[in-house]
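Novice:
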Amino acid sequence: MKNFATYFKGDRAIWLIALLLGVSSLLLVYSSIVTLAYKHHDGNTFYYLFRHGIFIGLGLVIMFVTHKMKYSYFSRISQLLLYLSIPLLLLTLIIGSNLNNASRWLVIPVINQSFQTSDLAKVALVMYVARMLYLKRNMLDNFRESFVPIIVPVGIVCALILPANFSTAAVLFVTCMIIMFMGGTPFKHFLSLIPAGIVAAAAIFLVVQFAPNLFPRAKTWQKRIERYSENKKDANGNYQIEQAKIAIAKGGVAGKGPGNSNQRNFLPHPYSDFIYAIVIEEYGLIGGAFILMLYLVLFFRTIKISQKTENQFAQLLAVGLCFLLVFQGFINMAVAVNLVPVTGQPLPLVSMGGTSTWFTCLSLGIILSVSRGVELENKKKIKIEDYAIA
């Protein structure tokens, strides 16, 4: 344990959660990619296991390196990352890889790896909002000087993500609003967003009605909401949810055991969007509750970390990134159990993913950086107090 504490600083519970989620991911992805392996690699499931293992391993390296940095460093680079994210999001809309009418990925030429630019934008925007709230903390009542410089970048980034990924834009926008509320932004400033929201909704409605080619994903959103609200049972109407329900029903309390899922052969994207249904089918309600508990513990440990520091930037940064991850995780789980319409949100650090896994680990590394900073601050306080007493 002493050797662990020497190299791995910060909250040990968060390190353990990351490790448990990573191991769970390897087991679940290996079990759920059978159909994908037969479709693309002649049934070679080890190809995807090895590939995913590399992403998880590199993600943990990113997490380790990041947690060694001072959290103040992320304040300084937040603007640079935000300015980099906006043109990348624009580029994605123009020349991005297209799947189901959604341009979400750029392909990195050298390694031929797809890169979801919204993952970078999410982390960059949360860092930027936390930084600006800290810098403007003494003028939050001033609408023009404090609220506008924050809400404009939030609106731009979310608007650029929206055409291809409504759920990600919504999750990011809600997260930013919560960070701003925690940072002391007056409620009256939020009320000013209502007219802008109405205008934006009306504009989207008009575009969908009269120029649907500009917003091809809108029809997908509409169909998902209609299927959810009408609760259709036919195969063409709500196939994904019906298969997820079957998986959950077959899992019962204790599950069918690792690798024994049947619904992985019928569920669309069982290794990403609907991986939580596979969790319950193979590991039962016990396994599902365990994964849920890990995210809850992550959230409460982060809250505890934020309470130990007086630095507002550190507080908002840690809680904001954690809320973003946990909120996304809850949405993924809620979709699998039919509490909300299908969104396409992956389960952080569990679903099979490439760069999304890295940015999840980056977020956890930043949270651990704050935790490490809190430990150092507390040690300095103790030394000062001991010196004063002596």
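So the sequence shown is numbered by my numbering: it starts at 962 and just counts up by one. Don't be surprised by glycine CBs; every beta carbon is placed ideally from N, CA and C.
1) Please determine, among LEU1049, MET1138, PHE1274, MET1100, the residue with the shortest C-alpha to C-alpha distance to PHE1076.
2) Suppose you measure from the CA of THR996 to the CA of ILE1139; what does that come to, to the nearest Å?
3) Name the DSSP bridge partner or partners of GLN961?
4) Kindly identify the DSSP beta-bridge partner or partners of TRP1066.
5) Report yes if the C-beta distance between VAL1118 and ILE1038 is below 8 Å; otherwise report no.
6) Determine, using beta-carbon pairs with one atom in the stretch 1099 to 1112 and one in the stretch 1141 to 1156, whether at least three such pairs fall under 8 Å.
7) CA-CA distance, LEU1167 and GLY1158?
8) Measure the CB-CB distance between LEU1021 and CYS1322 and report whether it falls below 8 Å.
9) Whose C-beta lies closer than 8 Å to the C-beta of ILE975 among residues of the same chain, with five residues either side of it excluded?
10) In whole angstroms, give me the CA-to-CA distance for ALA1196 and LYS1206.
11) Classify ASN1199 as helix, strand or coil using the three-state DSSP reduction.
12) Out of LEU1045, LYS1000, SER1036, VAL1132, which one is the CA nearest neighbour of MET1093?
13) Would you tell me roughly how many angstroms separate the C-alpha atoms of LYS1269 and GLY1315, rounded to the nearest one?
14) Secondary structure at ILE1097, three-state DSSP: helix, strand or coil?
15) Report back the beta-carbon spacing between GLU1243 and SER985 to the nearest angstrom; my notes put them in contact at under 8 Å.
16) Just to confirm, is the Cβ distance from SER1233 to MET1313 under 8 Å?
17) Using a 10 Å radius around the Cβ and a threshold of 16 neighbouring Cβ atoms, would you call ARG1105 buried or exposed?
18) For ASN1272 versus ILE1202, is the C-beta distance shorter than 8 Å?
19) From MET1030, PHE1320, LEU1096, pick the residue whose C-alpha is nearest to that of LEU1285; which is it?
20) Could you tell me if ARG1225 is buried or exposed, where buried requires 16 or more neighbouring beta carbons within 10 angstroms of its beta carbon?
21) Helix, strand or coil for LEU1041, going by three-state DSSP, please let me know.
22) Using 8 Å as the threshold, is the C-beta distance between TYR1256 and VAL1287 below it?
23) To the nearest angstrom, report how far apart ILE1122 and LEU982 are at their CA atoms.
24) Which residues mark the beginning and the end of the alpha helix (DSSP H) in which VAL1258 is found?
25) Please state the DSSP three-state secondary structure of GLN1306.
26) Could you tell me whether the Cβ of LEU980 comes closer than 8 Å to any Cβ of chain C?
27) On a Cα-Cα basis, can you pick out the residue from PHE969, GLY1018, ASP972, LYS1000 that is closest to HIS1230?
28) Among LEU987, LEU1042, VAL1026, which one has its Cα closest to the Cα of TYR1009?
29) Counting only the same chain and skipping the five closest in sequence on each side, list residues whose C-beta sits under 7 Å from that of PRO1307.
30) Going by alpha carbons, who is nearest to GLY1014 out of ALA1215, VAL990, PHE1025?
31) Going by beta-carbon coordinates alone, are ALA1125 and LEU1054 separated by less than 8 Å?
32) Excluding the 5 residues flanking GLY1212 on each side, which residues of the same chain have their C-beta closer than 6 Å to its C-beta?
33) Buried or exposed: which applies to VAL1214, given that a residue is buried once 16 or more other Cβ atoms fall within 10 Å of its Cβ?
34) Is PRO1309 buried or exposed, if buried means 16 or more other CB atoms sit within 10 Å of its CB?
35) If you run the structure through DSSP and keep just helix, strand and coil, what is ILE1345?
Specialist: Working from what's here:
1) LEU1049
2) 40 Å
3) For the chain, the structure presents residues 962 to 1351; residue 961 sits outside this window and is missing.
4) SER1058, GLN1077
5) no
6) yes
7) 14 Å
8) yes
9) LEU1259, ARG1262, THR1263, LEU1325, ILE1328, LEU1329, SER1332
10) Residue confidence for ALA1196 is low, a pLDDT of 46 falling below 50, so the modelled location carries little weight; the figure read from the coordinates is stated next. Cα to Cα, ALA1196 sits roughly 13 Å from LYS1206.
11) helix
12) SER1036
13) 34 Å
14) Per the sequence shown, the amino acid found at residue 1097 is Lys instead of Ile. DSSP places LYS1097 in coil when its eight states are reduced to three.
15) In fact, because the Cβ distance is near 11 Å, the residues do not count as touching under 8 Å.
16) yes
17) exposed
18) no
19) PHE1320
20) buried
21) helix
22) yes
23) 27 Å
24) 1236 to 1268
25) coil
26) This model lacks chain C altogether, as it is built from one protein chain only.
27) LYS1000
28) LEU987
29) SER1233, ASP1234, ASN1293, GLY1314, SER1317
30) VAL990
31) yes
32) ILE1241, GLU1242, GLY1245
33) exposed
34) buried
35) Reliability fails at ILE1345, whose pLDDT of 44 lies under 50, so the model's placement of it is uncertain and no value is given.
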